[in-house]
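**Student:** Chains as they are written, first to last, in the numbering used here: chain A, 1 to 588; chain B, 1001 to 1588.
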Ligand SMILES: [Zn+2]
Ligand SMILES: [Zn+2]
Ligand SMILES: [Zn+2]
């Protein structure tokens, strides 16, 4: 049975080792182009350093395999399997508590703009991790990642080829984001979705600048947090790189970090066995933080995360060829310019999330969807909702999407849940559940609510927790199914009161077939918001609907002290003016 | 202890006698200008006729006092006390089950347009009823009333000077309304409010045309219903008035009427002891209808009743000098033209009920209010809400108001309830209860709800049932008390779920101090309606608010099949057009 790192961390902190590179620099003249070749050429030297860390009290020793990957080793004369196997064996030979396979970045850009595609990256990581698993590592530490795309590729690879626990650790810049712009919440949301067993921060700036990021990681994560700071910032001194934080200073920070709730502690560049030893001594008896399950529902792009239900969030509905002939024509010509225009316009008009539906019978939906998601993701920071009736399209898009998307949609039919839930589980996506099933759309709120319950229960059987489910209470038209308008509202109220899930409605369906649709739409929207609608799907360029949301936010306290409201309308004194005009007309 | 007619009617029907006049016509040449003088001049003749009815099975014998009143007897040489006393004694001498004092109309118009003021009318009726009570009548039958004003005056007089049970019976025209326009529901709502022990229909057209009116009386009344038809319609035949319905036909109708639920049966013009005897024989063993308490809350003018909570009803707020300088100036000049203009405008714009507030420190509020209520009542058929901080003003207005008004307002303060509830109980008014008390306006919904409960409980201790209470959940401004917006909405939801009372809000308070007030007002209105607001107080000329109500009615099923909605906007295709324009602008 693989190591259960979460269980161990309920009872004690775990300590990692410190830097390998810094100690090697002191022991040999030049390290050479492939530092990990030392695993083969000087195994005793490598083991000596590992042993120093074991003696210092480290429980987890990282194999000397940080730079080992197929991309870097191309034309080096070494194979990944060769160096990984040797690296892991050098640790295992010393019999530490746990041997970790160390996995670093490939050293190149990934994705459409880089030299390595997402799938190629996954394959590179699979090669490393398969080798490490085979060589007998107890866990995998993916670290010093600067790009959430690459971290995802590595984690997906690990989950595909190994059952070992995986810690994924990223580095952050001064602006508290990774090099490619992900903030701590976004990292947590994406990596937890993909099944990371612990999440870390390493290298980066010194421990002081890490503190606010660690606070966020602990606040949002339902898994343990690993922290491995450098010994401060590097300086050149007498031709050598030295670090500016002393052992005592480092220890003081690590005490603080342990008290914040980090459970796996170690050191990165510049740290030595002395740092680890002193730090362990100062922290090992501190009260142990217990990781709690965080129940929020959040959707992420690579750079932005929205916690649903904390405010009203608008899903822009406009990227959908069914209702847009211009979009339809452009897609048939393989053109994405209309899609990108709609994306930027909706973002500008106030959409928080963009639904992307390219369902046309006569196009290559899979290819167009991947390209559209990729293009839109680079253009706007809104998280996406992937809207397709084809599970293959959904899976292909989710695999490389550098965020945590919403799948639109699953419903209560067995076949739908069987097709969608495995994909959602694998890629950590949110799922929008429609309250309908084999029997159609129930008239009564109680029956729609029951389907919501069935969807959530079935999702749980696939390992998808309730917090990954949104529920659409379904809007029928007032003209054809008037009695069911109340049922939709009641369904929202029941969902809010009894399940607490974020709720979704395609609001403007309500008015189909009636005149003055804006009036019905805005009135129904206000009612639905009051009843608990958190996430309307709508056209953000509909001014009356957006005004209604602005007003609702002021009335419901989402807009504290009505500041956004007052700003939005401070110049539109037409409201008051019209009222005064009417009073004058009445002779008042 | 006075007779408990309701208790008796739980166990058996009661039978009244038939016509007196028709039998007298057959026995003496000319009856003379004061028919009731026969009580003194020919008591044996009168007693002979009473005895015939007793022999026919009548339980209740009406004294021969229909035309006895101070207005008619002026200069006649007789006093009311003289003729009433003789009339009652003539019945009592025969020892029937029950002796009823018969009270007919004064025979002239009452009120500002008539020869007799409302208070004078009350005094005339007090004189009759005092005399009848003193002479030993068991109950009072006020009958053949054509004007709800006069029926009210008589009933108020009866309750003021006597503890005897009172039956109030009116006559109806072919259009199912009384001569002055009151329908059966309105009559029930007003007379029950004033404490009538039973309500009747008599004389009128023949029994056939009475059937739909009886159905309404039974459906709405929480007191027993009395029915006394004529023997059909009168015709002249050989110089004599004859009636066109035979005893058998009359009996058939009365069987039907008994089966509909009427519990006190008798005959009016043209009926004879033979009619009563046969009718009693045919109906006395029919299954006895049990009167049930009807729980609806209804507000009435003399010609229109609105059952609150069955739809959205708008209380027009515009007759209020605080917010209207033109009105203020006109009132200071003793002018009511602005009041009447505001009344007709608000009615035209869709108000169902009109609030009348003339609270100005420097006018004679009592006099102006009486005049305004009187004038407005003749001009528009909307029921009124009497809005004054002075209980004396409220009492004076309610006394003569020919409807069942709403008192605006009581609150949870002991002093407020002690001042208002006795007035409401006496005149059968509805009361609008504000959810505030000695501690101010509570922040939390639970506390406002508790005050509503206290108001209802205290009202019950004054003999005012819950159905006479409306509750105002109180709107504070979003700008100053943002957190309490939710509490107002929650209060509405709690009131709907747990008390089921009609709810009131002064909606536009919400936006005070913020720009674009219409937007906040209409959004808040939609939310409040969804949460259960039944009776908004608002300006019916506010187009956006009225549109919101039209839309809500379509969405909530009050507007069946959205017919009113579709009609209201069938020509305003601007809604769709604007949307299309926006789509074009987006390049869609
Ligand atoms: Zn480092
Ligand atoms: Zn009659
Ligand atoms: Zn609600």
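In this text, a Cβ means the ideal position worked out from N, Cα and C, and glycines have one as well. All of these numbers come straight from a predicted model, not from anything done at the bench.
#1: Is it right to say residue 17/A is buried, meaning 16 or more other beta carbons lie within 10 angstroms of its own, or is it exposed?
#2: For residue 1485/B, go through chain A and note every residue whose CB falls closer than 9 angstroms to its CB, in chain order.
#3: So is the beta-carbon of residue 1203/B under 7 angstroms away from any non-hydrogen atom of ligand 2?
#4: For residue 514/A, name the three-state secondary structure that DSSP assigns.
#5: Step through the CB atoms of chain B and report whether any lies within less than 8 angstroms of the CB of residue 524/A.
#6: Within its chain, find whatever has a CB closer than 8 angstroms to the CB of residue 590/A; leave out the 5 residues flanking it on each side and keep chain order.
#7: Residue range of the alpha helix (DSSP H) that residue 1104/B falls in?
#8: Let's see if you can read the secondary structure: which residues bound the beta strand (DSSP E) around residue 1200/B?
#9: Whole angstroms is fine: what's the gap from residue 1024/B's alpha carbon to residue 1031/B's?
#10: Sort 1361/B, 1401/B, 1550/B and 1380/B by Cα distance to residue 1329/B and report the nearest one.
#11: For the region 1508-1519 of chain B, which residues have a beta carbon sitting closer than 8 angstroms to at least one beta carbon of chain A?
#12: Grab the span of the alpha helix (DSSP H) containing residue 1217/B for me, first residue to last.
#13: Is it right to say residue 527/A is buried, meaning 16 or more other beta carbons lie within 10 angstroms of its own, or is it exposed?
#14: Checking 8 angstroms against the spacing of the C-beta atoms, do residue 1396/B and residue 1370/B come in under that value?
#15: Among the residues of its own chain, which have a CB less than 6 angstroms from the CB of residue 1569/B, if the five just before and after it don't count?
#16: Quick one: list the residues of chain B neighbouring residue 489/A, beta-carbon separation under 8 angstroms, in chain order.
#17: May I have the straight-line CA-CA distance separating residue 587/A from residue 1557/B, to the nearest angstrom?
#18: Which chain B residues are close to residue 609/A, counting only those with a beta carbon under 9 angstroms from its beta carbon?
#19: Can you tell which of 1421/B, 1547/B, 1323/B and 1515/B has the C-alpha that lies nearest to the C-alpha of residue 524/A?
#20: Where does residue 1200/B land, buried or exposed, given buried means 16+ other C-beta within 10 angstroms?
#21: Quick one: what does DSSP say residue 124/A is sitting in, helix, strand or coil?
#22: Which chain A residues are close to residue 1343/B, counting only those with a beta carbon under 9 angstroms from its beta carbon?
#23: Could you tell me whether the Cβ atoms of residue 182/A and residue 344/A are closer together than 8 angstroms?
#24: Use the C-beta contact count for residue 281/A: other C-beta atoms within 10 angstroms, 16 or more gives buried, fewer gives exposed.
#25: Per the contact definition of three or more C-beta pairs closer than 8 angstroms, is the region 141-151 of chain A in contact with the region 168-186 of chain A?
#26: Would you say residue 1268/B touches ligand 2, meaning its beta carbon is less than 7 angstroms from a heavy atom?
#27: Using a Cβ-Cβ distance under 8 angstroms, would residue 1311/B count as near chain A?
#28: For residue 1581/B, name the three-state secondary structure that DSSP assigns.
#29: Ends of the beta strand (DSSP E) at residue 252/A?
#30: For the putative contact between residue 1190/B and residue 1433/B, defined by C-beta atoms under 8 angstroms, what is the C-beta separation to the nearest angstrom?
#31: Who does residue 356/A pair with in a DSSP beta bridge?
#32: Relative to the C-alpha of residue 1217/B, which candidate in 1239/B, 1236/B and 1184/B has its C-alpha closest?
#33: Hey, how far is the Cα of residue 55/A from the Cα of residue 173/A?
#34: In its own chain, which residues sit with a C-beta less than 6 angstroms from the C-beta of residue 86/A, not counting the 5 before and 5 after it?
#35: Quick check on the burial criterion: 16 or more other C-beta atoms within 10 angstroms. Buried or exposed for residue 1157/B?
#36: Per DSSP, residue 1059/B is paired with what?
**Tutor:** According to the structure shown:
#1: buried
#2: 554, 555, 556 and 557
#3: Answer for residue 1203/B: yes, Cβ within range of ligand 2.
#4: coil
#5: yes
#6: Since the first residue shown for chain A is 1 and the last is 588, residue 590/A is missing from the structure and cannot be characterised.
#7: No alpha helix (DSSP H) holds residue 1104/B; DSSP gives it neither H nor E.
#8: 1198-1203 is the span of the beta strand (DSSP E), which, as asked, contains residue 1200/B.
#9: 8 angstroms
#10: 1361/B
#11: 1510, 1514, 1515, 1516, 1517, 1518 and 1519
#12: 1207-1220
#13: buried
#14: yes
#15: none
#16: Those within 8 angstroms of residue 489/A in chain B are 1530.
#17: Here residue 587/A scores only 44 on pLDDT, less than 50, and its place in the model should not be relied on; the value that follows carries that caveat. Roughly 36 angstroms separates the two Cα atoms.
#18: In the structure as shown, chain A begins at 1 and stops at 588. Residue 609/A is therefore absent and cannot be evaluated.
#19: The option with the nearest alpha carbon to residue 524/A is 1547/B.
#20: buried
#21: Reduced to three states, the DSSP call for residue 124/A is helix.
#22: Those do not exist, as residue 1343/B stays about 12 angstroms from chain A at its closest Cβ, beyond 9 angstroms.
#23: no
#24: Around the Cβ of residue 281/A, a 10 Å sphere holds fewer than 16 other Cβ atoms; the residue is exposed.
#25: yes
#26: yes
#27: no
#28: Model confidence at residue 1581/B stands at a pLDDT of 42, short of 50, so the residue's coordinates are unreliable and nothing is read from them.
#29: Unbroken run through residue 252/A is the alpha helix (DSSP H), 247-260; no beta strand (DSSP E).
#30: Actually they do not touch by this definition, with Cβ atoms about 21 angstroms apart.
#31: 319/A and 386/A
#32: 1184/B
#33: 32 angstroms
#34: Non-local beta-carbon contacts of residue 86/A in its own chain, meaning distances under 6 angstroms to residues more than five positions away in sequence, involve 39 and 40 in chain order.
#35: buried
#36: Listed as beta-bridge partners of residue 1059/B by DSSP are no residues whatsoever.
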